[in-house]
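Asks: The numbers in the sequence shown follow the working numbering, run straight up by one, and end at 148.
Glycine residues also receive a C-beta, built at the ideal position from the N, C-alpha and C atoms.
As the structure is a computational prediction, the values presented were derived from the model and not from experiment.
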Amino acid sequence: MTAVSDQQLATAAIAASQHAYIPYSRYAVGAALLAGDGTVYTGCNVESASFSPTICAERTALVKAVSEGRRNFTAVAVATRDGGSPCGVCRQLLYEFSPSMRVILTDLDGNVRLTTTLADLLPHGFGPFDLYAE
Ligand code: ZN
Numbered sequence: 015m016t017a018v019s020d021q022q023l024a025t026a027a028i029a030a031s032q033h034a035y036i037p038y039s040r041y042a043v044g045a046a047l048l049a050g051d052g053t054v055y056t057g058c059n060v061e062s063a064s065f066s067p068t069i070c071a072e073r074t075a076l077v078k079a080v081s082e083g084r085r086n087f088t089a090v091a092v093a094t095r096d097g098g099s100p101c102g103v104c105r106q107l108l109y110e111f112s113p114s115m116r117v118i119l120t121d122l123d124g125n126v127r128l129t130t131t132l133a134d135l136l137p138h139g140f141g142p143f144d145l146y147a148e
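#1: Below 8 Å between beta carbons: does that hold for Ile36 and Thr120?
#2: Quick check on this structure: which residue in Tyr38, Thr68, Gly50 and His33 has the alpha carbon closest to the alpha carbon of Arg167?
#3: Rounded to whole angstroms, what is the Cα-Cα separation between Asn59 and Ala75?
#4: Can we count Cys58 as close to the ligand ZN, meaning its CB is less than 7 Å from some heavy atom?
#5: Going straight from the alpha carbon of Ser114 to that of Ala89, what length do you get?
#6: Could you name the residues whose beta carbon sits closer than 7 Å to any heavy atom belonging to the ligand ZN, keeping them in chain order?
Quick look at the structure:
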């Protein structure tokens, strides 16, 4: 396994953003999710004319990874024109699998705007352990 740097992950997220289907918002988002085994899964946002079926880049990457058997993630890079942060829905779904993962926010020029953790983005989050706590 070769270590993946934050900059490599950011670059993968930027490349993924170029596939965004965004006829309505024109807000391209790319995500690159680093699985515990070193595999990188990318995703872009995909919009719908009826809006609610729209899916974010982060969840696209996560669903790809989970559908291929991954459950543990160490980092996700998200690329937008302004270094935007994951929405609440994405924070919640990422939290389901790896609450302590690192989050790298970059603009589309590769300038990392923020490196943080999912736990910082979703403090006191609700996860699977809450359902089984006694
Ligand atoms: Zn989202």
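Replies: Walking through what the data contain:
#1: Your numbering for residue 36 matches position 22 in the sequence shown. Your numbering for residue 120 matches position 106 in the sequence shown. Going by C-beta atoms, Ile36 is not nearer than 8 Å to Thr120.
#2: Here the chain has residues from 15 to 148 only, and residue 167 is not among them.
#3: What you label residue 59 is simply residue 45 of the sequence shown in a count that begins at 1. What you label residue 75 is simply residue 61 of the sequence shown in a count that begins at 1. Taking the straight line from one Cα to the other gives about 10 Å.
#4: By 1-based counting over the sequence shown, the position of residue 58 is 44. The answer is no for Cys58.
#5: Taking the sequence shown and counting its residues from 1, the one referred to as residue 114 is at position 100. Taking the sequence shown and counting its residues from 1, the one referred to as residue 89 is at position 75. The alpha-carbon atoms of Ser114 and Ala89 are separated by roughly 9 Å.
#6: Cys70, Glu72, Arg73, Pro100, Cys101, Val103 and Cys104
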